[in-house]
Amino acid sequence: MVIVGASGQLGGDLMDAFADIAPIGLEHSTFDIEQPAAITTMLLRQKPDVVINTAAFHNVELCETHPDRAFAINALAVDQLAAQCAAANVTLAHVSTDYVFDGDTSQPYAESDPARPLSAYGISKYAGELLIARNTSRAFVFRTSGLYGTRGSSAKGYTFIERMLAQAAAGKPLRVVDDVTFSPSYTRHVAVAIRRVIQTERYGTYHVTNAGACTWYAFAQEIFRQANVAADLSRTTQASFPSLARRPRYSALAHNALLRLGLPELPDWRQGIREYLGARAA
Ligand SMILES: NC(=O)c1ccc[n+]([C@@H]2O[C@H](COP(=O)([O-])OP(=O)(O)OC[C@H]3O[C@@H](n4cnc5c(N)ncnc54)[C@H](OP(=O)(O)O)[C@@H]3O)[C@@H](O)[C@H]2O)c1
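For the sequence shown, our numbering begins at 124 and goes up steadily by one.
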């Protein structure tokens, strides 16, 4: 098995989740998914049975100003990876996003619900999904949401939890959005769920997020409650943060495909925070 983006927050936890089979982890510094020749060499040298791709250009604001970069990494490179995996009879497992949906609902999205991405990021990630489907049926697409892990997001350099705790420790007042609902997800839980699904060899699209959903404000409130930190926290709206990108205002994901396989849902989002804080303290 090869894991692309192995030093990222999800990639690192996937390396741990598959540790017993000693996956080969590829970091950006030594493997660039945008180079077709690098993909060819990787498949020839490593002869993987499965390639998991976590690499992405996922700074949502930068994707708006650099849609060419978003499409190069999130769509065209994925097309090339899928084509070469198909030709080599290799299974592709690819990580996608809740931002493929427009958020115009109040019910968790099923895997089969129509995608209507609003942002350049979401459009490029959905294009990646479609391009996989044109190349191969031997693929998994895992849509996840609001990731945080102990390694931190390499794109952002921090997680929401760390930013909240640092700002509270500095005594800063915190205004957090209370009109956007999603499923914050702990990368260790997501990695374990991805492993369970891959082992079934039942290809397709899966939603892998912690169970339940909350607003960013409720997420922050729960972080402070569990960390036993008194914070000066107040509610605000998405509109109060000027942004280039349009984001779904509701993006909880239902886990129908996991349940159809008889696999358990991921733990509740509050349990994700609990285990993250425990791992961080350790
Ligand atoms: N973070 C979220 O909240 C979130 C939510 C929903 C879905 N997702 C999806 O989940 C996946 C993993 O996200 P994450 O938060 O774990 O991201 P991450 O921490 O930024 O990790 C991504 C990894 O991919 C590497 N990478 C970037 N461009 C590459 C390229 N051209 N070739 C090879 N490697 C490259 C990065 O390396 P460098 O940092 O060295 O460039 C990084 O190690 C992504 O597909 C993302 O779209 C994320």
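Cβ atoms here follow ideal geometry from the backbone N, Cα and C, with glycine treated the same way.
- The beta carbon of Gly335 sits closer than 7 angstroms to those of Ser306, Asp391 and Trp392, all from its chain and outside the five residues before and after it, given in chain order.
- If you check the CB distance, Leu215 and Val313 do not come in under 8 angstroms.
- Inclusion of Val320 and Tyr329 in the CB contact set at 8 angstroms is warranted, their separation being smaller than that value.
- Excluding five sequence positions before and after Ile246, the CB atoms of its chain that fall closer than 6 angstroms to its own CB belong to Pro240, given in chain order.
- In the three-state scheme derived from DSSP, where H, G and I count as helix and E and B as strand, Ala140 is classed as helix.
- Rounded to the nearest angstrom, the gap between the Cα atoms of Val173 and Val125 is 6 angstroms.
- Within its own chain, no residue has a Cβ closer than 8 angstroms to the Cβ of Lys170 once the five positions on either side in sequence are excluded.
- Straight across, the Cα-Cα distance linking Arg261 with Ala142 is about 23 angstroms.
- Inclusion of Leu253 and Gln207 in the CB contact set at 8 angstroms is not warranted, their separation being larger than that value.
- Separation of Ala404 and Ala292 (C-alpha to C-alpha, rounded to the nearest whole angstrom) is 16 angstroms.
- Ser219 has Arg266 as its beta-bridge partners, per DSSP.
- Taking a contact to require three or more Cβ pairs closer than 8 angstroms, the stretch 148-156 and the stretch 127-135 qualify as touching.
- Here the stretch 218-231 makes no contact with the stretch 280-296; the two share fewer than three CB pairs at distances below 8 angstroms.
- In the three-state reduction of the DSSP assignment, Val299 falls in the strand class.
- When the beta-carbon positions are compared, Gln349 and Ile396 come within less than 8 angstroms of each other.
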